[in-house]
Structure formats: structure tokens, C-alpha cells
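Undergrad:
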Amino acid sequence: MANMISRERLRRRLPALWYGTWLLRTVFVFVFIAAGAAVVAAPPPAPTGLTAKDHGWDKGTAVDLVWEYPGEAALDGGFFLISYAMDLEDDFRIAGQTLGYETVYTVNGLTPGVDYYFKVVAVNSALEESEAVVSEPVAGRLQWVDGSRIWFLITVMIFCGSVVYFIRHARKGRPLKVRKIAGLEAVDEAVGRATEMGRSVIFVPGIQDMNDIQTIAGINVLSRVAQIAAENSASLEVPTTRSLVMTTARETVQSAFLRAGRPEAYDENKINYITDEQFGYVAYLQGQMVREKPAACFYMGAFFAEALILAETGNSVGAIQVAGTAMPAQLPFFVASCDYTLIGEEFFAASAYLTGSPEELGSLKGQDVGKVLVAIGIVLGVVFATLASITGPEGLNLESYHFFQGFVDYLQGTVLH
Amino acid sequence: MAHAYTPGLKVTEGAILRRRRVLPIAGEVLVEAGARVGARDVVAETFMPGDVTPVNLANLLALPPADVPACMLKQEGDWVEAGEILAQTKGFWGFFKSEATAKVSGRLEAVSSVTGQVMLRGNPLPVRVLAFIPGNIIEVIPGEGCVVETEAVFVQGIFGIGGEAFGPICMACSSPDQTLEAEAITPEMRGAVVVGGGRMTLAAIRAAKEVGVSALISGGIDDLDLQGFLGYDLGVAITGSERMGLTLVITEGFGDIAMAKRTFALLGKYAGREASVTGATQIRAGVMRPEIVIAMDPDVERSVPETARQDGLLEIDTTVRMIRDPYFGQIGKVHALPAEPTVLASGSKARVVEVVLETGETVTVPRANIELIEE
Amino acid sequence: MDLDKINVILATDCGSTTTKAILIEKVDGQFRQTYRGEAPTTVEEPFADVTIGVVNAVTEIGELAGRRLVDEQGRIIRPASDGEGCDIYISTSSAGGGLQMMVAGVIKQMTAESAKRAALGAGAIVMDVIAANDPRKPHQQIQRIRELRPDMILVSGGVDGGTTTHVVQIAELIAPAKPRPRFGNEYKMPVIYAGNRDARPLIEKTFDESVDLKIVDNLRPVLEQENLGPARDMIHDVFLEHVMAHAPGYDKLITWTDAPIMPTPGAVGNILQAIADRDGINAVGVDIGGATTDVFSVFNGTFNRTVSANLGMSYSISNVCAEATMERVLKWVHLPMEDRELRNRVKNKMIRPTTIPQSLEALVFEQAVAREALRLAYKQHKEFATTLKGVQQQRTVGDTFSQRMSGLTIVDNMAMDLLVASGGVLSHAPRMAQTVAMLMDAFEPEGVTYLAKDSIFMMPHLGVLAQVHPDAAMEVFERDCLIYLGTCVAAKGVSKPGKPCFKYRLHGSGLDEAGEIRFGELKLIPFGPGQEAELELEPARGFDLGAGSGKRVQSKARGGTVGIVLDGRGRPLVLPEDPAQCRTLMGDWVKVLGLYADSDQ
């Protein structure tokens, strides 16, 4: 990976050189082939003009090396061997090697602030070594900013910036459009139906504990359901599988009733803990549904095998059902057996959608910007990777292959690093 | 001869006015037939049943609704003070009793075993009807109110804001076309019925309110000024219940328009006299217009007999006023009454009247767009 | 009654200001409306007897027709004999502000809405809706009930076997409020209960002697279905029994008629529904009055009516300007006008509602206001005319990303076949093209739509007649009541001005035209009344004329007093923001349609 980066960096700095060497190499290859394969190899010439420089925008552990090599053709199939030492007297430690046509290298893992000598040796395919070229002593210096993380910084800035921007935007009272989420709009309708029919509303917050993000999202929706139930003076039941969820649900429902201006109608006995056992819970719920025939059922949280059992039972007793989960395996069941389903993202957006508070709407919108960025990245990456695989490496147009592959490498290596 | 489509507003010096003063709901009439009343005397009074506050005891006590009646400490018909205990649960052997207290005072009206609600009805609200015009009670409608009769100067406005107001007439303008500005309002006008000329400005209205003027009368008003005063754009012309602290009466219409000379002169003649004003307007079936009434003192003066001309007849030489653009507010005399409908500039066909304006110009206008006035 | 022997029909409509009478006679075996008469309504003092106005109007017809219709005792002569009397006499009434009701239900969007639909369908004005999920506090609701003085109250709530608690709660709000009826201090407030069957005994217990409780079948027996018929019929009965009986002179009028007197809007709804049922079409009717605007619609057999209480052309004109904003009204005006001056004019029209526009400028402005009033009324109608809410949905996995909700509007401009206009500003516009323009701009019909107007506001009469003699009502409706204005062809979609919108070809009845309409273009092809032509349409991509985007449409164009209007202005119709640009555009449209005299030059 490192040599790809450095090659890219070099190409940016010295495009002419890059293309030039490429051309040169091609010519030499042809010359070489024309001269016949039987040419007897001699030790390759030594590299020249080795310069070492501190690698910028890092913590001081890397030094960039650049050298020239006159006998490139001779090195076909060979490589350069790079090593370093703190003192010329010491043994040189091998840092790495580059392919025969690459004359740049970044040495990593150095101690900041310590002078090093760098040595480059050309090695041909017969493993014959040239004479070494040694650089002046150079020390890596610590910089304040890590340049390799610049893209990360940009991404974070755009993302956070857009969140802040949209929050400010929303606070100024300008509308932020959020797509209508049918499942949440239908809460009114489902609870209304239960009221008209004189039946209860059942809310199932999934079978996971409060540490699951889906349960939290479910509780957000519960707050809304409870408020409407309070306004309609409908009876709302929340059976839970975890004691902690029960406590949270009680708090949520109580405050929702208070918000609706009907604190006296709140009855905590309707929010119970049933059992931690998955199917014990399911059996209880099923029994209750069949006996009481609720007119509205909400399934909001993490669900597993019980999803279809619950939803089918609810459907058979004629309830309007609204489900919300981020469990991909359970979604199809919910979609088929419920009236409305909140799918993954929608479920998590519910809170912002329901409260309509500028902070939540703004961050929702900001997240969308992030998603758009990711989507753009994916699309570009796919397009360029596809083009690269069409054009090369053995393809017809090597130049464009390098361009496309270079972009993909840059995207993978630097932007997503 | 033909009927005018829009009969003019009444502006008469000697009218026998009868006003039915009745309560919105049945009540007690406080005057007897033949009695003399002043404008501000109460003629009838009643008490509206008080406000009802439902209290859901089933929820408060966490009881099934059917158990609520058994837990009541107060019975239907009892008076309950705020903070008093309404009901108490039986509890467990006398322990764990829960109570529900009344948040408002009221009479316990009903206890429902279906919903678990009880109804508390507050004190009755008095509703009073004033005589509005000084005069004699000529008829008592038992349980409802009475009819007051008086001889009076009677002026109808076209549009008003605010309810009934009383005070002495006070002229603030010297001519009927003078705009009523804020400068014309003086502190001495407190409690008076102030008469302006042409348009009243928003500044003048605000000044009048500041001073404590009881009613403000003028020829016209700008819609934007009215909006500025009310704080909202008036959508439908049903007024009278505004609580602006000031009653406004417009005699002619919206815009820069002079008060009719006759109206201005009549009000000027009775400057200083006590007047009753109402701004209540309802332009719907059963039309109501704002009115200004100055009652005569029957012992002192005789009213000027009303002109014998029959109301609402359009004849050659009748004085009319245009009540629609492009000639809005202009006054003229009927010159001709073509029988056949005529095509107007707008392309509609309508029966028209030819009018000679005060400028000498003769114009043709639809009959619907004029009103008769007495000059 | 033997319908074959009926030859002469007399009908009256007692409006709040005028009583209109029409005479329908069998001419050459066909029913035709032959004469009409008018007289001021005499409900209020000093006459206080509605029959005086009726007799006056009928007498006027009698004089015109040379037929004696009223005898010496001032009664209508029946049955008809040679040159005298009539076979059927019917009447509608909206005098005294029509029928005013308050409705109640458990959930505002469900049973309370069904109750509102029942009341509106019966021709009432709904003053307020009380519901259990009302954001108002109970004591505020009680206060409101006390302030209103409705003619009757309709209480519903709960499906059969559903909630009883909520229904009784509603009744407990109404009972202590002791609502007082509008007319007559001595008669009891009629309360119609059309809710949960199980709650009936409880309701009977809740209301005391001070109200007159009537119980009918639940208007929402299950959430999936409405059963408005019984409640609607009861409203009509109570209307006759209580409201009419207490209005001056109606007791007499009731004995004269051969069919129950109906509230005027209820009758209009009747005839529209009858015509839509017979021809299997979707129709929208509008009646714009001085104070209110009624919109009626029949889509796929479902009838809806709304009353926009404060949208009208005289009493409510100021409210229209306030609600729509003056800026929006002025967008429809092609002449320069001054805002401050206009505001005063609007208010002057409000306080002097009987005046008529004299100058062209005033007419242009009034018609601009009418467009906004109609647009707002239609918007309210769309929001009200929805599918039932609270209904269980059937889903398949295919619905994953398109979960349609219930309670969506059933009004579909593309499916609308007929648009009927009535009410002064529409039916008395000096030029018929103006009516067409107002309808097109306010309703934005899509696809192929026939436009018509009610010639002399005969629909109420025919609505009642349809109950007694449907054939006669239909015949007269087709021949004399409706005046066809023409056909509007409009493509749904938006593009850039000048881009292709749709191609058309018209042939038949001496017409053979083809061409292309570009986006933003408006074209009028004169085509006389009674004529029909084949219409072939080919919308450009992105435009829909009824068969889907870019799909060919075969249809029929109907001639009328105006002709065929090809509208490429796009749907939704978007007006430019810039006032000057807007005015130029309006000027162009005015020219194309020949709306005003000035534009001819």
C-alpha cells in the first residue's frame, strides 16, 4: 500500500517525470526484446542523486527518498533495495524495496528527531547488486497535523457542518422537508380505530433490553402512541420482556399522558413485565390478543422468530398493525402481515419525525448529507474500478488504466484510509 | 318610479324609535310597562347556568366507573368548595384510602357510573340588558325583556366595531370632509361620542382610545387602518363583540370619503347632547347596522316631523350616492331612468340610472350601485 | 301517483333573499322548463310568512304562462286541468340561513367525520364538530356548545359493539350544556343519535327531557363502512318537523308540497348524484354564493359535499382576500391595480353586498377573487372527500416501499368528467369564456373535462323533482338546466415554456383540425353547442392526458357556447412569482380566450 501512495504522490509532484519514465521504460523494453534475450547480464549501474527529505504532515516517523536511475532497462525484473542506519558505521537495516521502475520510497517507523542515513542499491533479476548510494543524514520531524488524515477531517467537517447548518436552518423556522412516513402517520388512525371499537392498543417494544438501539427507537415511538392514546382516552397496554424496558416504558407513557393533559388517566398497571423467556412472552401475548382482540398493535424494536407469530395473530384478530424494526430477516414478515412497516432507517428517523424538533430534524438532514457523500464515493469507486478492470492491466490502453486504477487506489488508500 | 336596490341608511331628526331589548335566554324583567328609563338602566337580568367542569373520578381514584357513586362523599346537588374532598375509596380495612379533591368550586350536578365522571357547575353568570335608549317602556315581554320607545334623532352608520357605548356628542371636525387626525382628539373628550368628518386615521383612533373616548364616528376609514387597530384583517362583516375599549362607527364606507352633509349637520346640531351608540353590524340576512341615537326630552322639545316621502323610491331628481367604484362616494341627482337594461363597461347587462353629479357631469350607473340619501 | 299522467310541474326554491319558481311542462312528449318567476322571500318581518313570497313568484309565472296556478284563497291549484293548476308542486328551502347543525363523534377523523358527511350530505351547514379527541378541554367544548344555537345535533360514535364510554362522554358534554335551538324558545333541541347500538340505553339515560332524542341506525356500523342513509333521512325529517315547522309560514307550505321540502344544497347534491349514477361519470358541482361556497362531487359513485362557510363573493369577499392574500388574488389580474385602493373596494363590497361591478377593472378583479374563492373551496373539498380512515390494510411484500395510507382524497381531477358551475359570479359572467377561464384556473381539470353551467340555478328544483319523477328531472336537467360551455383538454405535467406538450386531432361535426400545443400555450377552438367531435390526443413524454405519461388518448369533445379549450399551461398550474411577468402572462391568456372586451382590440 505504501508504495502505491508514494507513487501517487510522486505522480502528483512530478507528472512529467512519471510519464517520462513510463515512456522510457516502454522504449527500453522494446529495445531489450529487439536486442535478444540472450544478452549476458552485468552488475547494474548504481542509482544516483539520492535525496532524503522529511515526510510532511506526519508524526515524524517517515522520510521520503527520491533518486534517479540511469540504467533502468537493465533493471527490468529487478528492484531497488532501501536500507537505513543512524550511523554510517552501523549495519544498515533494510527498510524495503521498490520495483525496478520506481525511484521513490517512503521509509516508515523511524524515531522522530534522530538523523538517519539512507542507502539505495539496485538489484537486477539475476540478483546482482549495484554499488550503493547513500544520502545525507536526515531526521524525521514531528508535525502538528497528520496529513494522511486530511480526508477524514474533510468528511467530518462536511458531515458535522451540515448537521449544524440544518439545525440552524430549522431553528430559523424554515421548513425541513421529511418524507411522509406512512407508518407513523398511521398511529393516529390505529389508535383511533381502537378507540372507536372500544378495544385496547398493544405496544410491543421488542424482546431486547434497553442497550439495544432498536428498543430505544421503539420507546420513542411509544411516546407518540401513548400521547395519542391519552388524547383519545384509549386503553394502552405495554407488555415487556425486560424489567428495565418496563421501567422506561412507564416513565415514557406517564410523561406522554402528562403532555396530553390527562395525567390522571395514566395507569401503570397496564405496563407490565411478563418474562425474559422469548416464547413465554410470545405465548402470553398471543393469548392476550386472542382473548382481548386489540384493535391496534404496534411492534417496535428488535424482533426474532416471534415476529411472524405476533403479526399473524394480530392480523387474524383484525387489528391495524404497525411494525418497526431494523432486523432485515424479520422485515418481510412484518411487511406482509402488518398494515404499515417502518423499515430500518425510517424506524430510527421516527423520533425526529415525530418530535419535529430542530435539533433532531437538523441532524437527520445532516446524516442524509453524509449518506449522499458515501453514495457518491461508492458510485465513483465502482465506476472507476470497473473502467480500470476493462482497460487494463493487460488491456489496450495502459495509460487510462493507470489513471483509473490510480483513482481507485487513491480512494481506497488515502480517502478511506 | 322604481325601487332602489339598496335603500339608503336612515338619517332622521324625528323618529319614533322602538327597540326590543331582550335577554338571550329567559330571565327576569326589571321594569314595568309605562316606566321611564335611562339609557344605562338595567331592564332585564338573568343568570346563565354556570360553567361546567367535568372531573373524572374513576381515573383519579383508579376505580371502575361503576364503583364511583358508592365512593362519593358529596351527593348530587351539594355545593363543593375548591379543595374539598369529593370522593374517597373504601380502601383495605380502613387503610390505603385514596381521595379526590375538587379543583374548582361548584354544585355537584351529576355522577356518571358509565364514565366515572362527575360534573361540577360553577356559579351562575349574570347576563344584563340595558335600556340602550332613554325612553318609555311600552311593552313588557314576560321572561324575555321589554320594548323601549323614544322620540329621537336617529343616524344609521354603514359599518361599526364594538358594542354599546354612551356619551355626549362632541364635534372634532369643522367640515364633513375634514380628515379626523390625532391632533383633533383632546383630553376633554374622555367619555364622549366624538364626531369627525371624512376619513379617520389610525393615529386618531389610537389617540381616542388613549384619551378614553367612548365612541368615534366618522365618514370613512382605510382598510389598512382598521386592520392596524383590530390587529387582524376583518373577514366577515359581523361585528359588535369586539373588546377594543372604543366603539367605531363609519357612516359612509371605506376609503377617503366625506360624511354626508346632512348627517354631519344633524350631529353638529345636537352637539353636547347625550347619545347612545352601538357598533354592532351584521351584513347578512337580518341585516344590522350600527346606530347613533340622541333621545329628545319629551317635556322640553318636539321632534321635527319626519318627511313624508316614501322610502326606497327612485324618482327623477332624487338625490343618490354612488356606492361602488368608479364613482364611489359621489353624490348626484337622478336624471333619467331608462327602462331597458344597458350594457356596462364590464360587459354585463343591468338596469341603470343616469345621474348628474355635483360636478355637472352625467354618468350612467347600475341601479344596484346607488343608494338613496336625504340631503 | 301515476307518473305518466303528469304534465305540469311547479317547483319553488325559497332562498334567503329571493324565492324562485319554475314551471316544467310536457311539450311534445318531453319535459321542458318553460317559465320562471321570482319574488322576494317573505320569511322575515313584516310578512313573516314564506308562502306570500311563494304565491308571488308563482303568480308571476302564471301571468307569463297564461295559466292560472293560484286560486282565490291563495292556494296552488292541483291537479292540473285545462289551462289551470299543476300536477306536482315541490319546494326547497334555504331561508333563514339554511339548516345549521352541530355534529359529534368519538374520533374526529372517523365517526365524527362520518357524522359531518351525513350532515353535509343532507344539506346542512356544520357549525362545529365535537369529538373525544378534541384538543379543547371538556369545559371549553361545553362552552362552545352553549354559544352555538344549532337547529339540531347529530351524535354518533363507536362502531356497533364498540366503545360506549366515549359515546356517553360526548353525551355528557352536550346534555349539561343545554343547547338552545335557533328558532322558538319553546321547542326542544332535536338530538339525533346514530352511534353504537349498545350505547342506546345509556344515551337515553344521559339526555333528560330538555332534548328531543331520536335514535337511528349507526352511521358507521363497522369502521370499514358508512351507512349514512338513515341518519340523513332523519335529518330531513327533523328539518321538516322542527326547523321548518317553526319558521314562519312553513307549516302551511309543508301541506302544499307533494314531496318533503328539502334544504336547497341537499337537493343540488341529489340531482348531481342522480346524473352521475345514470351516466356513470364523475362529476363536480360548485355553487358560489355571497357568503358561502358549496362544492359537490361524485367520484366512482361516492357523493361528497362541503360548504366553505366564509368563502363567497359579497358578504365573505373580504375573507377570501384575507385567506388567499391579496398578492395571490392579483396574480389573476392582467391590469395594473393599486393595492390600498383595492382593499377599500373589497371592504366596500362587503358592507354593500348588492352592488355589481360597473367598470371592466372591477369585473376583472371580482373574477380574480372568484378564482381564489373557488380554489380554496375546492382545496377544502379535496381534504374532506377522502376514503374512510381507521380501516385495516391488506399488504403484500410488494408494498414494502409504497405503503399507501387510508384517508387519501378521492377527488381526482383526471377522472373528473363534468364540472358544473352555478352561482352569480359564474353563471352571470358577461361572457361565457370568463366562466370557462374561472373554472379552469380554479379547479385545474386534467385530461378531457366537459364544462357546463346551471342556467338559472334550477338544480335545487330538479333535485327534489328527481325524488318524485326522476325521468322528468333528468330530461329537464339535460335540455334546459345545463348550458354546456365546452370541453377543456389539459395535460398533467410541467415542462419548460415552448417544449412540446401534446398533439391533437379533432374531426367530426364539420371540424377537422390537428396541431400541437406547446407548454404554456392555450388555444381556443370554437365549437358550437350540441356538436360532438372525435378527439385524438398524443401527449409528449412527461405529460399525461388520462392514459398515463406519454400515452395516446381517444376521447370525445363536446361543443358548447365557448368551444374546445386546449390547455398546455401544465398541471399543477404554476404562476410566475414576479407580478409584472404574471400580468403579461394573464394578458396573453385573456387574449387567447377573448375574455374581456378590451382584449379584442
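Residue numbers (my numbering), protein chains in the order written: chain F, 1 to 417; chain G, 418 to 792; chain R, 793 to 1393. Beta carbons: idealized from backbone N, C-alpha and C, even for Gly.
#1: So, for Ile995/R: in the same chain, excluding its five sequence neighbours on each side, which residues have a beta-carbon less than 6 Å away from its beta-carbon?
#2: Straight-line CA distance for Phe583/G to Asn1102/R?
#3: Taking Leu477/G as the query, report the chain F residues whose CB atoms sit under 8 Å from its CB, ordered along the chain.
#4: Using a Cβ cut-off of 9 Å, pull out every chain F residue sitting near Arg1187/R, in sequence order please.
#5: Would you identify the three-state DSSP class for Ala34/F, choosing helix, strand or coil?
#6: Which residue from Ala217/F, Asn211/F and Pro263/F puts its Cα closest to that of Ile228/F?
#7: Assuming Ala813/R contacts Val850/R under a Cβ cut-off of 8 Å, what Cβ separation, rounded to an integer in Å, is found between them?
#8: Which class does Ile1109/R belong to by DSSP, given the choice of helix, strand or coil?
#9: At what residue ranges does the segment 1028-1086 of chain R contain a whole run of the beta strand (DSSP E), taking only runs of 3 or more?
#10: Hey, is Asn925/R's beta-carbon within less than 8 Å of any beta-carbon in chain G?
#11: Return helix, strand or coil for Thr248/F, following the three-state DSSP convention.
#12: Assuming Trp151/F is part of the beta strand (DSSP E), what are its boundary residues?
#13: Within 8 Å of any Cβ in chain F, is that where the Cβ of Gln901/R sits?
#14: Thinking just about the alpha-carbon of each residue, which of Glu128/F, Tyr84/F, Phe118/F and Val133/F is nearest to the one in Gly49/F?
#15: So with Cβ pairs under 8 Å, would you call Pro466/G a contact of chain R?
#16: For Arg174/F, go through chain R and note every residue whose CB falls closer than 9 Å to its CB, in chain order.
#17: Can you tell me which residues form a DSSP beta bridge with Lys818/R?
#18: So which of Ala1039/R, Gln1065/R, Ala1169/R and Ala1339/R has the shortest CA-CA distance to Ile1053/R?
#19: With a threshold of 8 Å between beta carbons, is Ser233/F in contact with chain R?
#20: State the DSSP-derived secondary structure class of Trp144/F, mapped to helix, strand or coil.
#21: Pull up the distance between the alpha-carbon of Gln892/R and that of Ile700/G, whole angstroms please.
#22: Alpha carbon to alpha carbon, how far is Glu251/F from Leu285/F?
#23: Between Ile1148/R and chain G, is any beta-carbon pair separated by less than 8 Å?
#24: In the DSSP assignment, find the unbroken alpha helix (DSSP H) run with Cys488/G in it and report its ends.
#25: Whose C-beta lies closer than 6 Å to the C-beta of Ser1214/R among residues of the same chain, with five residues either side of it excluded?
#26: Would you please verify whether the beta carbon of Glu526/G is less than 8 Å from any beta carbon of chain R?
#27: Identify the contact partners of Pro743/G in chain R, using a Cβ-Cβ distance below 9 Å as the criterion.
#28: Within the 8 Å Cβ cut-off, does Asn786/G reach chain F?
#29: Nearest-angstrom Cα distance between Gly1386/R and Met1224/R?
#30: Could you please tell me which residues of the segment 1161-1179 of chain R, in chain order, have their CB closer than 7 Å to any CB of chain F?
#31: Could you check if Ile733/G is buried or exposed, using at least 16 other CB atoms within 10 Å of its CB as the buried criterion?
#32: To which residues of the same chain is Met676/G closer than 7 Å at the C-beta, ignoring the five residues directly before and after it?
#33: Between Leu184/F and Pro205/F, how many whole angstroms is the CB-CB distance? I'm expecting something under 8 Å.
#34: Would you decide whether Arg776/R is buried or exposed? Buried here means 16 or more other CB atoms lie within 10 Å of its CB.
#35: List the endpoints of the continuous alpha helix (DSSP H) containing Val960/R.
#36: If we count Cβ pairs, one from each stretch, closer than 8 Å, do we get three or more for the segment 1355-1362 of chain R versus the segment 1314-1323 of chain R?
TA: By the coordinates alone:
#1: Closer than 6 Å at the Cβ level, and outside the excluded window around Ile995/R, lie Ala963 and Tyr985.
#2: Cα to Cα, the separation comes out at about 33 Å.
#3: For the C-beta of Leu477/G, the chain F residues within less than 8 Å are, from N- to C-terminus, Glu264.
#4: For Arg1187/R, the neighbours in chain F by C-beta distance under 9 Å run, in chain order, Val335, Ala336, Ser337, Cys338, Asp339, Tyr340 and Thr341.
#5: Legend: pLDDT at Ala34/F = 46, less than 50; position of this residue unreliable, no value from coordinates given.
#6: Of Ala217/F, Asn211/F and Pro263/F, the residue nearest in Cα terms is Pro263/F.
#7: Contact flag correct, Cβ pair sits at about 5 Å.
#8: If DSSP states are grouped into helix, strand and coil, Ile1109/R belongs with the helices.
#9: Taking only runs of at least 3 residues, the beta strand (DSSP E) segments lying wholly in the segment 1028-1086 of chain R are 1075-1080.
#10: Under the Cβ distance rule, Asn925/R does not count among the residues neighbouring chain G, no pair being separated by less than 8 Å.
#11: Three-state result, Thr248/F: helix.
#12: Following the DSSP letters along the chain, one finds Trp151/F in no beta strand (DSSP E) but inside the alpha helix (DSSP H) bounded by residues Ile150 to Arg171.
#13: Any Cβ of chain F closer than 8 Å to the Cβ of Gln901/R would place that residue at the interface, and such an atom is present.
#14: The shortest C-alpha separation from Gly49/F is found at Val133/F.
#15: True, the Cβ-Cβ gap to chain R drops below 8 Å.
#16: Under the 9 Å cutoff, chain R gives no residues; its nearest Cβ is about 18 Å from Arg174/F.
#17: Its beta-bridge partners are Phe823/R.
#18: Closest in alpha carbon position to Ile1053/R, among Ala1039/R, Gln1065/R, Ala1169/R and Ala1339/R, is Ala1039/R.
#19: Closer than 8 Å: yes.
#20: In the structure shown, Trp144/F sits in coil (DSSP, three-state: anything other than H, G, I, E or B).
#21: Answer to the nearest angstrom: the Cα atoms are 18 Å apart.
#22: Roughly 22 Å between the two C-alpha positions.
#23: At least one CB atom of chain G sits nearer than 8 Å to the CB of Ile1148/R.
#24: From DSSP, the alpha helix (DSSP H) with Cys488/G extends over Val485 to Cys488.
#25: So the qualifying residues of the chain are Asp1079, Asp1246 and Phe1249.
#26: A Cβ of chain R is located within less than 8 Å of the beta carbon of Glu526/G.
#27: Neighbours of Pro743/G in chain R, taken as residues at a C-beta separation under 9 Å, are given in chain order as Gln1150, Ser1151, Glu1153 and Ala1154.
#28: Chain F contact via Cβ: absent.
#29: Approximately 10 Å between the Cα atoms of the pair.
#30: Taking 7 Å as the Cβ-Cβ cut-off against chain F, none of the residues of the segment 1161-1179 of chain R qualify.
#31: An exposed status is given to Ile733/G, since fewer than 16 other beta-carbon atoms sit within 10 Å of its beta-carbon.
#32: Spatial neighbours of Met676/G in its own chain (CB-CB distance under 7 Å, excluding positions within 5 residues in sequence) are listed in chain order as Pro593, Gly614, Gly615, Ser635, Gly636, Thr668 and Glu669.
#33: Between Pro205/F and Leu184/F the Cβ distance is about 16 Å, and since that is not below 8 Å, they are no contact.
#34: Any property of residue 776/R remains undetermined from this structure, which presents chain R solely from 793 to 1393.
#35: Looking at the DSSP string, the run of the alpha helix (DSSP H) that includes Val960/R is Thr957 to Ala969.
#36: With the rule of 3 Cβ pairs closer than 8 Å, the segment 1355-1362 of chain R counts as touching the segment 1314-1323 of chain R.
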